[in-house]
Amino acid sequence: MEKKPVLFLDRDGVINKKKSDYVKDIHEFEFLPDIFNAIRKINELGIIIIIITNQSVINRQIISEKKLNQIHDYMLAILAKNSCKISKIYYCPHHPDENCDCRKPKTGMIKQAVKDFKIDLSNALLIGDSDSDIQAANSMKIKSIKIKTNGKLNELIKDIEHIFFK
């Protein structure tokens with residue numbers, strides 16, 4: 230089991246600006262203010278960051294999986310240029326009506342991360358901006374914080390520190 234603390238982050242509305250429709254290419258991907266500073270601080274605390282995100286944009290046939298991967302590669306490259314590290318991105322491509330095991334509030338993405346990273350969930354935290362994020366955390370008995378959509382992750386650093394290092 231990984232004893233290092235793990236922070237699960239939702240993507241849209243937590244890392245990048247949530248739009249009224251979907252992020253369809255890199256030109257529509259807009260980082261939230263202070264996100265680089267927040268992720269850097271979290272990295273400096275020795276916390277592993279994993280993104281878990283519902284991306285039904287694929288199965289709705291709005292963009293291809295290849296295009297989503299380009300958006301994620303762009304996001305990771307810009308984060309890296311700003312000295313920010315994300316260990317992995319898990320995404321669910323399914324439409325809400327498909328009843329898959331991975332779309333939040335279901336827990337498939339978290340379970341896959343636990344398997345891949347050998348995570349001790351007693352040392353994990355999930356931050357998201359929707360009820361489905363928090364429901365997924367609750368189902369896995371993970372501590373969670375609901376952030377305002379397009380809110381400031383930077384304002385939660387003290388809370389994150391307290392949860393992991395109290």
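Residue numbers (my numbering): 230 to 395.
Every residue gets a Cβ at the ideal spot worked out from N, C-alpha and C, and that includes glycine.
Note that the structure is predicted; figures quoted are calculated from it, not measured.
- Under the three-state reduction of DSSP output, Asn-298 falls in the helix class.
- According to the DSSP assignment, Ile-374 belongs to the beta strand (DSSP E) that extends over 372-375.
- Look at Asp-241 here: in three-state DSSP terms it is strand.
- Secondary structure note for Asn-367: its alpha helix (DSSP H) is the uninterrupted segment 360-368.
- Residue burial is scored here from C-beta neighbours: Asn-311 has fewer than 16 other C-beta atoms within 10 angstroms and is therefore classed as exposed.
- Separation of Asn-288 and Leu-350 (C-alpha to C-alpha, rounded to the nearest whole angstrom) is 30 angstroms.
- For Asn-272, the enclosing alpha helix (DSSP H) stretches over residues 264-273.
- With fewer than 16 other CB atoms across the displayed protein chains lying within 10 angstroms of its CB, Phe-394 is exposed.
- Assigned with DSSP and collapsed to three states, Tyr-320 falls in strand.
- It is roughly 21 angstroms from the alpha-carbon of Ile-280 to the alpha-carbon of His-391.
- Counting along the chain, Gly-380 sits inside no beta strand (DSSP E), nor does DSSP assign it H or E at all.
- Per DSSP, the unbroken beta strand (DSSP E) holding Ile-356 starts and ends at 353-357.
- Straight through space, the alpha carbons of Gly-275 and Gln-290 are spaced by roughly 38 angstroms.
- Between the C-alpha atoms of His-301 and Ile-318 there is a straight-line separation of about 8 angstroms.
- Around Asn-272, the same chain offers Lys-314 as residues with beta carbons nearer than 6 angstroms, after the five sequence neighbours per side are excluded.
- Looking only at Glu-384, Ser-249 and Pro-325, the smallest Cα-Cα distance to Pro-262 is reached by Glu-384.
- Straight-line measurement puts the Cα of Cys-321 at about 6 angstroms from the Cα of Thr-282.
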